[in-house]
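Protein chains in written order, with this note's numbering: chain A, 9 to 225; chain B, 2 to 207; chain C, 851 to 1066. C-beta: ideal position from N, C-alpha, C; glycine also. Because the structure is a prediction, the values reported are computed rather than measured. Here is the structure we will look at.
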Amino acid sequence: MNGPQDAGGMMGFGPVVPEPVTPVFHSDWERRAFAITLAMGMTGSWNIDISRHARERIPPAEYWAASYYEIWLKGLERLLAETGLASAAEIAAGRSKTAARPVTRVAAADMIPAILARGGPSDRPAATAPQFAAGDKIRTRNMNPGGHTRLPRYLRGCPGSIAIVHGCHVLPDSSAHRRGDDPHWLYAVRFSASDVFGAPGRDEIVADLWETYLEAA
Amino acid sequence: MPHDGHDHDDDAGAALSPVALRVKALESLLVEKGYVDPAALDVLIETYETLIGPRNGARVVARAWTDPDFADWLRRDATAAITSIGYAGRQGEHMVALFNTPETHNMVVCTLCSCYPWPVLGLPPVWYKSMPYRSRAVMEPRAVLAEFGVTLPEGTAVRVWDSTAEVRYLVIPQRPGGTEGWSAEQLAGLVTRDSMIGTGLASSPA
Amino acid sequence: MNGAHDCGGMMGFGPVAAERDEPVFHSAWESRAFALMSAVGDIGGWTLDEDRSACETMHPADYAATSYYEHWLHGLQTLLLKHGLVTAEELADGRCHASRIAKQPTPAPAVWGLVTAPGSYAREPQGPARYAIGDRVRTRRLNPAGHTRLPRYLRGHAGEIIARHGAHVFPDSNAAGRGEDPRWLYTVRFTCAEVWGTATRDTIHADLWEPYLEAV
């Protein structure tokens, strides 16, 4: 979806403001918003692609005006309402009015370190051989799906070459819509900045792109 | 209203801001529903506020600078090499190490959201997740670098990595001169967080 | 400038809300903002292109959250300050501290004549046209920091020249105060299959200046 999240190449947002390593959080509510978002993710009610798609459906004016954890918060509220885990009225009131829905897992405090250490690998066994090898020339497709995709607008229709064959990974375009993992080969694809932005120079851009985003050039 | 990605919220203030109230209400609701364990929330916060941070990545870099076999391993299989030091898991399941050279300077961004290698760098800073960085890093990396006080030599090409999948990138900055014979522990002190994102260079010895 | 105004192909803004019996203005301040922009534009010494460019400099969050005439208001205030017609202090307190106009404002009886006077952006060409009707062209992948009328969604795409309008004032130059620099203007037809990758026979037409194009 060509939503407000698709930031690459946009102008007008002003300068980048560097900041020191600490504090990690800038207020207590950020800490709590971070933790409830992760903990709700652990209930197995959605995956990372579904949660990314929930955030990018925030209307652009709201998205661009929001701070980072506000975006997480708005995304979480959407997911709760859409999955029926909590209604908009319950979220507004901060009180439960109906029985809880069953969830796959509620992570207890002592389970957290192991869950974080295990992570959630997105590579899957490959059913096919990769179509491309390192060094192959490709062109990105010009696609504008209404649903979730990880092919940014600024990289569409561009010539590039395969830099790394990463393996076979869950396809976000499918996974975000609960249509299954539909694993596809994932590549790091190298582009010259002059092909992408028409700017002179030797600078390059590399992005991780699935085979479905690419065609042989 | 400022759009700097910061939450201008005073924790010490008596009244909670609207967003703080909203988070509080949401947390009570989710706890009441039984979806989350309040103690687990505290563990999550503590983990990323105190246990996991850019010191981890600095140790990886310093090891790469002092141990050629480890550097080779990082090039071939960064996930395994980094796991061998004890850093693994969420948002670092598939790692790739990018070695800066005099010819190529690597810089990492996530234009679509905020992908970042948590096990080695902790949670990303506000600027990394902000629209200014996400929109500009791919198109004008040298202007962004200048805002971080970094000017690269003419002959150095910038290679920007847009983290569009679940692969996470760690930049291995060039080792500063004048550090011959330094221990890995001493060297780790020169490795800044920004140098591992590619918006900075490793510090020079004082 | 790839600002929030360049919204062709963006998603997430919701349905188009068509109003029944929409009034010309929705509130008194809208009509005043409209009139001010037009009246001050006559004496301000700026061009329509500079005016558009000023509206585009809003922060994207503000641009997306505000209404149409608020964009105009932002543009007007920006230009008043830039051209030294008012100071920031005057804008803040809404009072004139010292008049700075070089040109007398248009008196009421002259407004109708001004509004209905024939105008033109066509200029004497600086050279022969590079393209003819029926020629295939490709738009350049330009990303200027300044004003341009080549939208992002039409960059790097092949199309066909279907009309030639003569040489027109070139906005990319005029907005930046670098003069009118007239360039040949064409209507270019693109298929939606080319622009969006969709499998339809629909087409899109855009008016594009010669510097935006290269021969295929």
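Q) Quick check: the stretch 921-935 of chain C against the stretch 79-93 of chain A, are there 3 or more CB pairs under 8 angstroms? A) The stretch 921-935 of chain C is not in contact with the stretch 79-93 of chain A.
Q | chain C contacts made by the stretch 143-167 of chain A, where a contact means CB separation under 7 angstroms | A | Cβ contacts with chain C: R149, N150, M151, N152, G154, G165.
Q. Mind checking if W218/A is an interface residue toward chain C, Cβ cutoff 7 angstroms exclusive?
A. Within the first sequence, residue 218/A is the residue found at index 210, counting from 1. Not an interface residue.
(Q) Can you tell me which residues form a DSSP beta bridge with D1057/C? (A) Working through the third sequence from its first residue, we reach residue 1057/C at position 207. Paired residue(s): T1037/C.
Q: Examine the Cβ distances between the stretch 852-866 of chain C and the stretch 908-923 of chain C and report whether three or more of them are shorter than 8 angstroms.
A: In short, these stretches touch, since the Cβ pair count reaches three.
Q) Taking the Cβ atom as the reference point for each residue, do G90/B and P118/B lie within a distance shorter than 7 angstroms? A) Against the second sequence, residue 90/B aligns to sequence position 89. Against the second sequence, residue 118/B aligns to sequence position 117. Here G90/B is not near P118/B, since their CB atoms are 7 angstroms or more apart.
**Q.** CB contact below 7 angstroms: H997/C versus chain F
**A.** This model lacks chain F altogether, as its protein chains are A, B and C.
Q | C-beta contact flag for A79/B and V97/B at 7 angstroms | A | Position 78 of the second sequence, counted from the first residue, corresponds to residue 79/B. Position 96 of the second sequence, counted from the first residue, corresponds to residue 97/B. Yes. Within cutoff.
**Q.** Members of the stretch 43-63 of chain B near chain A, C-beta cut-off 8 angstroms
**A.** Taking 8 angstroms as the Cβ-Cβ cut-off against chain A, the residues of the stretch 43-63 of chain B that qualify are D43, V44, L45, I46, T48, Y49, E50, G54, P55.
Q: With 7 angstroms as the threshold, decide whether the Cβ of M18/A is near any Cβ in chain C.
A: Mapped onto the first sequence, residue 18/A falls at position 10. Closer than 7 angstroms to some Cβ of chain C, the Cβ of M18/A qualifies, so yes.
(Q) Quick check: the Cα distance between R135/B and A15/A, rounded to an integer number of angstroms? (A) As a working mapping, residue 135/B is identified with position 134 in the second sequence. As a working mapping, residue 15/A is identified with position 7 in the first sequence. If I take the Cα positions, the gap works out to 6 angstroms.
Q | Rounded straight-line distance, which links the Cα of K932/C to that of T148/A | A | Within the first sequence, residue 148/A is the residue found at index 140, counting from 1. Within the third sequence, residue 932/C is the residue found at index 82, counting from 1. Approximately 43 angstroms between the Cα atoms of the pair.
Q. Which first and last residues belong to the beta strand (DSSP E) in which H947/C is found?
A. Residue 947/C sits at position 97 when you count from the first residue of the third sequence. First-last for H947/C: undefined, no H or E at that position.
Q. Is it true that the stretch 34-48 of chain B meets the stretch 56-65 of chain A, where meeting means three or more beta-carbon pairs spaced less than 8 angstroms apart?
A. Taking a cut-off of 8 angstroms on C-beta distances, the stretch 34-48 of chain B does not touch the stretch 56-65 of chain A, as fewer than three cross pairs fall below it.
**Q.** Chain-ordered chain C contacts of G227/A [CB-CB under 9 angstroms]
**A.** In the structure displayed, chain A extends from 9 to 225; residue 227/A sits before or after that span and is not available.
(Q) Within the continuous beta strand (DSSP E) that includes G1135/C, where are the two ends? (A) No information on residue 1135/C is available, as it lies outside the stretch 851 to 1066 that chain C covers here.
Q | Same chain, Cβ closer than 6 angstroms to R137/B, neighbours up to 5 away in sequence not counted | A | The sequence position of residue 137/B within the second sequence is 136, counting from 1. Excluding positions up to five away in sequence, the list reads V145.
Q. Which bits of chain A does P910/C rub up against, with CB to CB less than 8 angstroms?
A. For this step, residue 910/C is matched to residue 60 along the third sequence. Those within 8 angstroms of P910/C in chain A are M18, G20, F21, P68, W72.
Q | Contacting residues, own chain, Cβ-Cβ under 8 angstroms from G155/A (five flanking each side not counted) | A | The residue you call residue 155/A lines up with position 147 of the first sequence. Once the five neighbours on either side are set aside, the close Cβ partners of G155/A are M9, H61, D181, A184, H185.
Q) F100/B and P26/A: beta carbons closer than 7 angstroms? A) Stepping through the second sequence from its first residue, residue 100/B is reached at position 99. Stepping through the first sequence from its first residue, residue 26/A is reached at position 18. Contact: no.
Q. By Cβ distance below 8 angstroms, which residues in the same chain neighbour M861/C in space, the five residues on each side in sequence not counted?
A. Mapped onto the third sequence, residue 861/C falls at position 11. Cβ contact annotation for M861/C (same chain, cutoff 8 angstroms, sequence separation greater than five): none.
Q: Note down, in chain order, each residue of its chain lying with its Cβ closer than 7 angstroms to the Cβ of G201/B, except the 5 sequence neighbours on either side.
A: Against the second sequence, residue 201/B aligns to sequence position 200. Closer than 7 angstroms at the Cβ level, and outside the excluded window around G201/B, lie F149, V151, T193, D195.
Q: Go through its chain and collect everything with a Cβ distance to I172/A's Cβ below 8 angstroms, but skip five positions before and after it.
A: Here the question's residue 172/A lines up with position 164 in the first sequence. Closer than 8 angstroms at the Cβ level, and outside the excluded window around I172/A, lie A142, Y195, A196.
Q: Determine the burial state of W879/C: buried for a count of at least 16 other Cβ atoms within 10 Å of its Cβ, exposed for fewer.
A: The sequence position of residue 879/C within the third sequence is 29, counting from 1. Exposed, because fewer than 16 other Cβ atoms sit within 10 Å of the Cβ of W879/C.
**Q.** Pick from V1045/C, G1009/C, M887/C that is closest to E1064/C, judged by C-alpha positions
**A.** Counted from its first residue, the third sequence places residue 1064/C at position 214. Of the candidates V1045/C, G1009/C, M887/C, G1009/C places its Cα closest to the Cα of E1064/C.
Q. Mind checking Q187/B: buried by the 16 CB within 10 Å criterion, or exposed?
A. The residue labelled residue 187/B in the question sits at position 186 within the second sequence. Around the beta carbon of Q187/B, fewer than 16 other beta carbons sit within 10 angstroms, so the residue counts as exposed.
**Q.** Straight-line Cα distance separating A995/C from E212/A
**A.** Position 204 of the first sequence holds residue 212/A. Position 145 of the third sequence holds residue 995/C. So the two alpha carbons sit approximately 20 angstroms from each other.
(Q) Taking the straight line between their C-alpha atoms, what separation do you get for P68/A and P69/B? (A) As a position in the first sequence, residue 68/A is number 60, starting the count at 1. As a position in the second sequence, residue 69/B is number 68, starting the count at 1. Each residue's Cα considered, the two are about 48 angstroms apart.
Q.
I want to know whether the stretch 954-971 of chain C touches the stretch 917-924 of chain C - three or more CB-CB distances under 8 angstroms.
A. The stretch 954-971 of chain C, when compared against the stretch 917-924 of chain C, does not touch it at the 8 angstroms Cβ threshold.
(Q) Can you list, in chain order, the residues of its chain with a C-beta nearer than 7 angstroms to that of C116/B? Leave out the 5 residues immediately preceding and following it. (A) The residue you call residue 116/B lines up with position 115 of the second sequence. Answer for C116/B: S164, R169, listed in chain order.
Q.
For a cutoff of 7 angstroms on Cβ pairs, would you count G11/A as touching chain C?
A. Against the first sequence, residue 11/A aligns to sequence position 3. Answer yes: the Cβ-Cβ gap between G11/A and chain C drops below 7 angstroms somewhere.
Q. Okay, do the stretch 161-169 of chain A and the stretch 102-116 of chain A touch, 3+ Cβ pairs below 8 angstroms being the bar?
A. By the Cβ test, the stretch 161-169 of chain A is not in contact with the stretch 102-116 of chain A, since fewer than three Cβ pairs between them sit closer than 8 angstroms.
Q) Under a CB-based cut-off of 7 angstroms, is R194/B close to chain A? A) As a first step, residue 194/B is located in the second sequence; it is residue number 193 there, counting from the start. Yes, contact with chain A.
Q.
Just verifying my parser: in three-state terms, what is the DSSP assignment at E939/C?
A. The residue labelled residue 939/C in the question sits at position 89 within the third sequence. Collapsing the DSSP output to three states places E939/C in a helix.
Q: Excluding the 5 residues preceding and the 5 following F71/B in the sequence, name in chain order all residues of the same chain whose CB lies nearer than 7 angstroms to its CB.
A: The residue you call residue 71/B lines up with position 70 of the second sequence. The residues are R64, A65, A82.
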